[in-house]
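For the sequence shown, the positions run 1 to 112 when the UniProt record's numbering is used. For every residue, glycine included, the Cβ atom is placed at its ideal position computed from N, Cα and C. Since we're looking at a predicted model, the values are computed, not measured. Have a look at the structure below, then the notes.
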Amino acid sequence: MDTRSSEAEEPLTPLLAQSPPPDEADDDEDAFAVLARATPSPDLIPWEQRSQKMKILYYVDRIFLFLLGIFLIVLFGEVSYILHQTVPWIALYRRLKDYLLMQEESEEELDL
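Structure follows, in structure tokens:
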């Protein structure tokens, strides 16, 4: 009887301990870790050993980035052209100049 009572008082072994149910995020992280170990990075593979598909995707990616850059430059040019044409810069300049000059005169009057 002593052996049974001592066994019952012993803590559970790690193999029998109940662990909380795994989260979905943990499963995803584990899957990504396994995938990262199983597949080498495309940058580490020499150009001669890359498949035809990888080479085509490389060039398609470069063409896309080039066209995206051109699009952003043209978009910036269009926005600046629209701002230049629609904003009355001369009237804004005159109002700002008058406001700043009048502000200095009013400050001088307050000092007297």
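Residues near residue i by beta carbon distance below 6 Å, same chain, minus five either side
i, result
"ILE45", "none"
"TYR81", "none"
Check whether residue i and residue j have beta carbons under 8 Å apart
i, j, result
"MET54", "PRO42", "yes"
Host alpha helix (DSSP H) of residue i (start-end)
i, result
"VAL74", "52-86"
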